[in-house]
Amino acid sequence: MMEKRFSASRAQSGAALVVSLLMLTVLTMLGVSAMQSTILQEKMAGNYRNRNLAFNAAETALRDAERYIAANISADSPFTTTCASGLCLPSSTGTPVWENIDWSDAGNVLTYGVGGGGTIAGISSNPTMIIEILDELPQSNSLEAGVVFESNLYRITARGVGGTDSAVVILQETLKN
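Using our numbering, the letters of the sequence shown map in sequence onto residues 805 to 981.
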């Protein structure tokens, strides 16, 4: 029987193994970093869309409130300091009314649709708004001397939410009617 003889070889140091493990570690770290960056970009895009939906909802609510004022507000409309039905008198404390209002209380706000607006797709809840009556403005657009027409100034504050309730946009406008 023939015996196989192995010649004494140099001892292996394992340098190839160490180098390949280091390269694998670096590639893994690059991959994880790229995934985290992609996930962050996806979240930012989603949040931007959500905020855009909220902004559009609030803007649409402002237009709805303008239509509501034109069709329903008169000299005998019940503006109160408690903002019953979303019709408010200006604050006497110096704090803006819209900062103290409970936007979730349907008795204190007007809900989108009161001015004839339709539905808004993609939002978690309908926008709400309040209307504050400000001082009457003397207006003299008449060619006749001494004729003065009064017009009212209203501050409309609209609150819109996006696809989730975490994206909130509050817009204001002043309307002369």
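For each residue, glycine too, the CB sits at the ideal point set by N, CA and C.
Practice task
Identify whether residue 960 lies in helix, strand or coil by the three-state DSSP scheme.
Solution key: Position 156 of the sequence shown holds residue 960. Look at residue 960 here: in three-state DSSP terms it is strand.
Handout entry: Entirely enclosed beta strand (DSSP E) segments - the region 892-951, minimum 3 residues
Key = 932-943
Handout entry: Of the listed residues 975, 918, 938 and 919, nearest to residue 895 (C-alpha basis)
Key = Taking the sequence shown and counting its residues from 1, the one referred to as residue 895 is at position 91. In this structure, 938 is the residue among 975, 918, 938 and 919 with its C-alpha nearest to the C-alpha of residue 895.
Problem - Same chain only: Cβ atoms within 7 Å of residue 890, ignoring 5 sequence neighbours per side - result: For the purposes of this step, residue 890 is taken as residue 86 along the sequence shown, with counting starting at 1. Contacts found: 912, 913, 914, 933, 934 and 935.
Practice task
Give me the Cβ distance between residue 927 and residue 857, rounded to the nearest whole Å; I'm assuming they're in contact under 8 Å.
Solution key: As a position in the sequence shown, residue 927 is number 123, starting the count at 1. As a position in the sequence shown, residue 857 is number 53, starting the count at 1. Approximately 6 Å separates the beta-carbon atoms of residue 927 and residue 857; this is inside 8 Å, confirming the contact.
Problem - Sequence-distant residues of its chain with Cβ nearer than 8 Å to residue 882 (five each side left out) - result: Position 78 of the sequence shown, counted from the first residue, corresponds to residue 882. Correct list, in chain order: 888, 889 and 891.
Practice task
In the DSSP assignment, find the unbroken beta strand (DSSP E) run with residue 980 in it and report its ends.
Solution key: Looking up residue 980 in the sequence shown gives position 176. Residues 972-980.
Practice task
Rank 819, 919, 971 and 822 by C-alpha distance to the C-alpha of residue 853 and give the top, closest one.
Solution key: Taking the sequence shown and counting its residues from 1, the one referred to as residue 853 is at position 49. For the residues 819, 919, 971 and 822, the minimum Cα distance to residue 853 belongs to 971.
Handout entry: Neighbour-count burial assignment, residue 822, 16 or more Cβ in a 10 Å radius
Key = Numbered from 1 along the sequence shown, position 18 holds the residue referred to as residue 822. When all chains shown are included, residue 822 counts as exposed.
Handout entry: Whole-angstrom C-beta distance between residue 838 and residue 960, which should lie under 8 Å
Key = Position 156 of the sequence shown holds residue 960. Position 34 of the sequence shown holds residue 838. Approximately 47 Å separates the beta-carbon atoms of residue 960 and residue 838; this is outside 8 Å, ruling out the contact.
Practice task
Measure the alpha-carbon distance for residue 924 versus residue 861 and round it to whole angstroms.
Solution key: Here the question's residue 924 lines up with position 120 in the sequence shown. Here the question's residue 861 lines up with position 57 in the sequence shown. If you take the alpha carbons of residue 924 and residue 861, they lie about 7 Å apart.
Problem - Inter-residue spacing [alpha-carbon to alpha-carbon] between residue 969 and residue 916 - result: Your numbering for residue 969 matches position 165 in the sequence shown. Your numbering for residue 916 matches position 112 in the sequence shown. Roughly 16 Å separates the two Cα atoms.
Exercise for the section: Along the alpha helix (DSSP H) that carries residue 832, what are the first and last residues, could you check? Expected result: Indexing the sequence shown from 1 puts residue 832 at position 28. Per DSSP, residue 832 belongs to the alpha helix (DSSP H) from 819-876.
Problem - Neighbour-count burial assignment, residue 873, 16 or more Cβ in a 10 Å radius - result: As a working note, residue 873 is residue 69 in the sequence shown. Its Cβ being crowded by 16 or more others within 10 Å, residue 873 is buried.
Practice task
Confirm, please, whether the CB-CB distance from residue 931 to residue 865 is below 8 Å.
Solution key: Mapped onto the sequence shown, residue 865 falls at position 61. Mapped onto the sequence shown, residue 931 falls at position 127. Result yes, Cβ atoms of residue 865 and residue 931 sit closer than 8 Å.
Practice task
Sort 898, 842, 919 and 966 by Cα distance to residue 929 and report the nearest one.
Solution key: The residue given as residue 929 occupies position 125 in the sequence shown. Looking at the Cα atoms, 966 is the closest of the given residues.
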